[in-house]
């Protein structure tokens with residue numbers, strides 16, 4: 003006969019489910035202790051002390067030192083980390099690793115609201131008896147269950163150039179491989195920001211520009227498991243979390259695959275366009291895209307003039323073939339990856355150009371600012387330009403028909 007259960011060492015000894023549950027609870031407890039240690043240690047006096055407090059492997063200590071240094075260089079403040087739940091470790095992690103999804107919130111100088119996002123911490127369980135601590139292995143994007151923007155401070159050794167108005171963050175490898183050595187990104191960002199400030203009310207707000215080295219970094223910063231419609235764009239102005247009143251931390255993220263192919267003359271135009279989005283809050287509010295994108299191109303091309311027949315070549319060719327469109331571009335026309343999006347961007351710019359020719363720079367900027375603050379387009383046009391939406395549309399159609407005819 004089988005021996006009694008008491009002689010088998012208790013139910014858990016031969017119960018795989020119970021043993022697995024106990025191991026899961028042990029890993030979760032260790033992970034929570036790690037997060038508490040990171041939370042306490044982010045203000046440590048130096049990176050070595052922080053690394054020794056939270057990691058015991060070479061990889062983990064390197065990740066900890068780089069994270070601590072990024073916090074200092076970015077002037078991160080009010081960092082808050084919260085355990086969400088245990089998740090499966092991402093592929094490629096050391097054997098025996100555990101992982102957890104975290105909620106991170108922090109502030110940086112120049113941001114109107116705290117950043118808030120999710121990321122995954124990979125950790126090992128320490129060997130100390132009793133209540134082993136979790137030990138940091140690495141940070142990875144928080145793509146479980148939904149994508150979230152990866153904090154730049156968790157992406158390795160950063161190169162940061164800061165001024166009173168700009169912060170340029172280069173991810174590992176990007177300065178060596180993404181941009182040719184003759185292009186000085188911090189200087190170009192400062193020049194583009196100054197050109198935007200000359201036209202845009204409040205345009206001197208601080209801007210953060212992030213240069214990625216690989217497509218995976220670009221996707222992680224956007225919180226996207228795939229590049230999607232953004233794979234063909236040079237840069238994206240994106241938010242890192244959102245506050246209840248609509249204000250948000252914003253950064254400009256450069257797409258390395260496209261930036262590498264840009265003509266040198268095009269790069270300042272791209273930067274001015276995205277900085278316009280950043281300082282006007284266009285990325286934080288649901289405004290019509292023809293206003294947001296058309297105005298950003300208007301500011302960029304005002305600072306870096308290009309002949310209209312060059313800047314709008316695709317749109318004017320379409321008008322010659324089919325006549326002017328009956329209505330202004332819709333949001334679907336201007337969505338990332340939409341068919342013919344480049345042509346619709348040109349049409350949106352031509353609409354803002356038509357407005358500017360009739361009412362001038364100040365009224366055009368005031369119209370955009372009103373729409374960015376939630377005023378309906380028609381109301382903003384009447385208040386700041388003395389035009390109805392129908393009159394602007396008619397003027398725009400006449401202008402592009404004339405430009406297409408003159409070009410022909």
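Residue numbers (this note's numbering): 3 to 410. Here a beta-carbon is modelled for each residue, glycine too, at the ideal position from N, C-alpha and C.
Two segments are said to touch when three or more pairs of C-beta atoms, one from each, lie closer than 8 angstroms; by this definition the stretch 291-300 touches the stretch 365-376. Taken through DSSP and simplified to helix, strand or coil, residue 103 comes out as strand. C-alpha of residue 331 to C-alpha of residue 351: approximately 10 angstroms in a straight line. Per the C-alpha coordinates, the member of 168, 271, 388 positioned closest to residue 281 is 168.
Just so you know, the alpha carbons of residue 204 and residue 210 end up roughly 16 angstroms apart. Each of 262, 76, 42, 49 was checked against the Cα of residue 153, and the nearest Cα belongs to 76. When Cβ pairs closer than 8 angstroms are counted between the two stretches, the stretch 191-199 is seen to touch the stretch 269-277, the count reaching three or more.
Following the DSSP letters along the chain, one finds residue 277 inside the alpha helix (DSSP H) bounded by residues 269-282. Checking the DSSP bridge columns, you'll see residue 162 partnered with 171. Comparing alpha-carbon positions, the option among 149, 174, 270 lying closest to residue 65 turns out to be 174. Beta-bridge pairing by DSSP links residue 108 to 117. Here the alpha carbon of residue 383 sits roughly 14 angstroms from the alpha carbon of residue 355.
Looking at the backbone, the Cα of residue 51 and that of residue 224 are separated by about 32 angstroms.
Judged by pairs of C-beta atoms under 8 angstroms, the stretch 102-114 touches the stretch 68-87, as three or more such pairs exist. Here residue 42 is exposed. Its C-beta has fewer than 16 other C-beta atoms within 10 Å. For residue 316, the enclosing alpha helix (DSSP H) covers residues 315-324. Residue environment for residue 359: exposed (fewer than 16 other C-beta atoms within 10 angstroms of its C-beta). Going by DSSP, residue 253 is part of no alpha helix (DSSP H) but of the beta strand (DSSP E) stretching over 252-256. Out of 376, 295, 328, 387, the CA that lies nearest to the CA of residue 363 is found in 387. Shown here, residue 70 sits in a helix according to DSSP, grouped into three states. Taking the Cα positions, residue 141 is about 9 angstroms away from residue 69. If you draw a straight line from the Cα of residue 194 to the Cα of residue 254, it comes to about 13 angstroms. Residue range 136-143 is occupied by the beta strand (DSSP E) that includes residue 143.
Just so you know, the alpha carbons of residue 143 and residue 121 end up roughly 5 angstroms apart. Taking the C-beta atoms as reference points, residue 139 is found no nearer than 8 angstroms to residue 74.
Per DSSP, the unbroken beta strand (DSSP E) holding residue 82 starts and ends at 79-89. Residue range 209-213 is occupied by the beta strand (DSSP E) that includes residue 213. C-alpha of residue 99 to C-alpha of residue 314: approximately 54 angstroms in a straight line. For residue 198, the enclosing alpha helix (DSSP H) starts and ends at 187-199.
The alpha helix (DSSP H) runs of length 4 or more contained entirely in the stretch 299-377 are, from start to end of the chain, 310-313, 315-324, 343-361, 363-374.
For residue 321, the closest C-alpha among the options 406, 241, 217 is that of 406. Counting along the chain, residue 237 sits inside the beta strand (DSSP E) bounded by residues 237-241.
In terms of Cβ geometry, residue 103 and residue 86 form a close pair [threshold 8 angstroms]. Per the C-alpha coordinates, the member of 185, 379, 266 positioned closest to residue 290 is 379.
Ranking 251, 219, 365, 221 by CA distance to the CA of residue 208 puts 251 first. Counting along the chain, the unbroken alpha helix (DSSP H) around residue 218 starts and ends at 217-224.
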